[in-house]
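Notes for the one structure printed next.
Numbering (mature numbering (1 follows the signal peptide of the UniProt record, and there is no 0)), first residue to last: -23 to -1, 1 to 494.
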């Protein structure tokens, strides 16, 4: 799949040939400038002899970084900033209440181009070793090694774009801990320097959290990694738990993205969750892996128990590759969806494997999705920086995907959770169980004792019906109820067990699991 298809392009020269990067891919920050004790500005037409105000900005980010203290903000105006050296953020540290913020000016894209760096190891674009920094809306391209390397802790990278770098786009290493990478894009990173490695394409991942001294508490949310020469996400030898949620990996490891160079050795895995037979108990939730040349989700000889919940893999060579048991403990695979691959799922023999599509008697086909046009995945992000709202790999009603999972305590619509990354709300007026409870709109007896189910609303309500289903989705009882009260009771004559309760009223619709004693 070639994702480079839109009309507006930026030309980037890599490895002696041209790749085209859609300008819309750049992650545009549209929020408000955070408040700070002091606010400094940087602009392409600035001067480091200026005082750093909006009207008299500095010229370089490095200069501004050298002048901040905890609680300060640096605002970078749009344009291209060419750098031949590393932008170092080694000090000072911010604090939890006074982070140091480096942000794009709202609606503008500052691009840091490191094409003129020496082609040597450890020439990163940005090196973030300090703590409690928050970077927003920057684009990092063409660094000789990582686009951003982060060894510090308690940092946030938000709406960062990394592209064309000669190793991993965004990389955590050292003792980095308690960092959040949110709504970031990393694509077309390519390791091609034969003076550093004979393995063309290897190591250049979208996101990396690597090596056995990595600290705890690192998370990735809402990120995209595509057309990187090696893997989308690589957790090589990371021993502490990494949590990934709502992230996409696609089109990685494809030599065609880089002109089909000789001796190409990119791995092409979407999510590579370990390495070197070392234990790292990582958790992946509601994420997508598709069109990767290798595996969609891969344990890569991780010896720890892994947890994969509500993920979708489509059109990878092998979608889920977890053939080995962990050294201790039990891996968990719940409500995952696998379609269109040479190997749908390789599972360890002692894992907890429930509610997954490959356990169904019906094969998953393209017609069960609203769209399989994977080119949609490179569209512009939403105004708040979240992933684009598209129909790609979302299930359609009436298929085995809907209500095909198992309940393990998360909110869902219908009689059971859907399989895969998306939970389809067929009724647009329905409200999720958790939302109804958080808003205190409706309360009901759970467990149900002595055959009496009572329901209480925060306001006067007219209830149109109450239905109860067993866990197989069969309707057990239905009652039409019309009342103007805030509380009413229904006498039930059903066997003890676990059921699904559905209530519809003028205050909304709710479904939840109940226990009948």
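We put the CB at the ideal spot given by N, CA and C, even for glycine.
For residue 146 and residue 540, believed in contact at Cβ under 8 Å, the rounded distance: A question about residue 540 goes unanswered here, because the residues of the chain that appear run from -23 up to 494.
When 490, 480, 429, 447 are compared against residue 470, the one with the closest alpha-carbon: Residue numbering aside, residue 470 sits at position 493 when the chain shown is read from its first letter. For the residues 490, 480, 429, 447, the minimum Cα distance to residue 470 belongs to 429.
Test item: CB-CB of residue 297 and residue 322 under 7 Å: Your numbering for residue 297 matches position 320 in the chain shown. Your numbering for residue 322 matches position 345 in the chain shown. Yes; because the gap between Cβ atoms is below 7 Å, this pair is in contact.
Coil, strand or helix - residue 235 by DSSP: Translated into positions along the chain shown, residue 235 becomes position 258. Assigned with DSSP and collapsed to three states, residue 235 falls in helix.
Where residue 233 falls, given that 16 or more other Cβ within 10 Å makes a residue buried: In the chain shown, the residue the question calls residue 233 occupies position 256. So residue 233 ends up on the exposed side.
Residue interval of the alpha helix (DSSP H) (run including residue 39): Reading the chain shown from its first residue, position 62 is the one you call residue 39. Going by DSSP, residue 39 is part of the alpha helix (DSSP H) stretching over 38 to 42.
Sheet register partners of residue 111 (DSSP bridge): Looking up residue 111 in the chain shown gives position 134. Answer by DSSP bridge pairing, in chain order: 78, 133.
Reference residue 74; option with closest CA among 489, 111, 366: As a first step, residue 74 is located in the chain shown; it is residue number 97 there, counting from the start. For residue 74, the nearest C-alpha among the options comes from 111.
Start and end residues, beta strand (DSSP E) containing residue 163: Working through the chain shown from its first residue, we reach residue 163 at position 186. Residue 163 -> beta strand (DSSP E) spans 162 to 164.
Cβ-based neighbour list, residue 377, same chain, cut-off 6 Å, excluding 5 preceding and 5 following: In the chain shown, the residue the question calls residue 377 occupies position 400. Answer for residue 377: 337, 339, listed in chain order.
In chain order, each beta strand (DSSP E) run of at least 3 residues that lies wholly inside the region 167 to 211: Fully contained in the region 167 to 211 are the following beta strand (DSSP E) runs of length 3 or more, in chain order: 184 to 186, 195 to 198, 201 to 203.
Burial state of residue 475, where buried means 16 or more other Cβ atoms lie within 10 Å: Counted from its first residue, the chain shown places residue 475 at position 498. So residue 475 ends up on the exposed side.
Alpha carbon of residue 396 to alpha carbon of residue 199, nearest angstrom: By 1-based counting over the chain shown, the position of residue 396 is 419. By 1-based counting over the chain shown, the position of residue 199 is 222. Going by C-alpha positions, residue 396 is about 19 Å away from residue 199.
Neighbourhood of residue 453 by C-beta, 7 Å cutoff - its chain only, sequence neighbours within 5 removed: Against the chain shown, residue 453 aligns to sequence position 476. Only 445, 446, 447, 471, 476 meet the Cβ criterion.
CA-to-CA distance, residue 55 to residue 21, given in whole angstroms: Against the chain shown, residue 21 aligns to sequence position 44. Against the chain shown, residue 55 aligns to sequence position 78. Between residue 21 and residue 55, the C-alpha separation is close to 8 Å.
Buried or exposed (CB count within 10 angstroms, at least 16 for buried), residue 240: Taking the chain shown and counting its residues from 1, one reaches residue 240 at position 263. Per the 10 Å Cβ criterion, exposed.
CB contact flag (residue 327, residue 310, <7 Å): Looking up residue 327 in the chain shown gives position 350. Looking up residue 310 in the chain shown gives position 333. Cβ atoms of residue 327 and residue 310: not closer than 7 Å.
Option nearest residue 39 by Cα separation, candidates 31, 27, 63, 57: Residue mapping note: residue 39 aligns to position 62 of the chain shown, counting from 1. Considering only alpha carbons, the answer is 63.
For residue 94, three-class secondary structure by DSSP: On the chain shown, position 117 is the one that residue 94 refers to. It is coil, neither helix nor strand.
For residue 225 and residue 280, the rounded distance between their alpha carbons: Translated into the one-based positions of the chain shown, residue 280 becomes position 303. Translated into the one-based positions of the chain shown, residue 225 becomes position 248. Using only the alpha carbons, I get a separation of about 24 Å.
DSSP three-state assignment for residue 401, whether helix, strand or coil: Working through the chain shown from its first residue, we reach residue 401 at position 424. Assigned with DSSP and collapsed to three states, residue 401 falls in coil, not helix or strand.
Inter-residue Cα distance where the pair is residue 371 and residue 237: Taking the first residue of the chain shown as position 1, residue 371 is located at position 394. Taking the first residue of the chain shown as position 1, residue 237 is located at position 260. Those two C-alpha atoms are separated by around 32 Å.
Sufficient close CB pairs (3 or more, under 8 Å) joining the region 157 to 168 to the region 126 to 142: Contact between the region 157 to 168 and the region 126 to 142 is present: three or more C-beta pairs spanning the two stretches fall below 8 Å.
Assigned secondary structure, residue 298 (DSSP; H/G/I helix, E/B strand, else coil): If you number the chain shown from 1, residue 298 lands on position 321. It is a strand residue.
CB of residue 308 within 7 Å of CB of residue 282, strictly: One-based indexing of the chain shown puts residue 308 at position 331. One-based indexing of the chain shown puts residue 282 at position 305. For the 7 Å CB-CB criterion, residue 308 and residue 282 form a contact.
Backbone secondary structure at residue 352 - three-state DSSP: Numbered from 1 along the chain shown, position 375 holds the residue referred to as residue 352. The answer is helix: DSSP assigns residue 352 an H, G or I state.
Sub-7 Å separation of residue 135 and residue 159 beta-carbons: Within the chain shown, numbered from 1, the residue matching residue 135 stands at position 158. Within the chain shown, numbered from 1, the residue matching residue 159 stands at position 182. Between residue 135 and residue 159, the CB-CB gap stays under 7 Å.
Contact set for residue 69: own chain, Cβ-Cβ below 8 Å, skip 5 residues either direction: For the purposes of this step, residue 69 is identified with residue 92 of the chain shown, where counting begins at 1. Within the same chain, residue 69 has close Cβ partners 45, 46, 47, 77, 107.
Contacts around residue 367, its chain only, beta-carbon distance under 8 Å, and the 5 residues preceding and following it disregarded: Position 390 of the chain shown, counted from the first residue, corresponds to residue 367. Residues of the same chain with a CB within less than 8 Å of the CB of residue 367, apart from the 5 flanking positions on each side, are 348, 353, 354, 356 in chain order.
Beta-carbon proximity list for residue 497, same chain, < 8 Å, skipping 5 on both sides: Residue coverage of the chain in this structure runs from -23 to 494, which leaves residue 497 outside it and unanswerable.
Which residues DSSP lists as bridging residue 275, in chain order: As a first step, residue 275 is located in the chain shown; it is residue number 298 there, counting from the start. Bridge partners of residue 275: 249, 298.
Same chain, Cβ closer than 6 Å to residue 252, five either side skipped, listed in chain order: As a first step, residue 252 must be located in the chain shown, where it is residue number 275. Only residues of its own chain outside the window of five on either side were considered, and among them 213, 214, 277 have a CB closer than 6 Å to the CB of residue 252, listed in chain order.
Inter-residue spacing [alpha-carbon to alpha-carbon] between residue 227 and residue 364: Your numbering for residue 227 matches position 250 in the chain shown. Your numbering for residue 364 matches position 387 in the chain shown. Straight across, the Cα-Cα distance linking residue 227 with residue 364 is about 14 Å.
Residues sharing a beta bridge with residue 12, DSSP: One-based indexing of the chain shown puts residue 12 at position 35. According to DSSP, which records beta bridges pairwise, residue 12 is partnered with nothing at all.
Inter-residue spacing [alpha-carbon to alpha-carbon] between residue 230 and residue 14: Counted from its first residue, the chain shown places residue 230 at position 253. Counted from its first residue, the chain shown places residue 14 at position 37. Each residue's Cα considered, the two are about 45 Å apart.
Residue 30 versus 427, 169, 18, 369, residue with shortest Cα-Cα distance: By one-based count along the chain shown, residue 30 stands at place 53. Nearest C-alpha to residue 30: 18.
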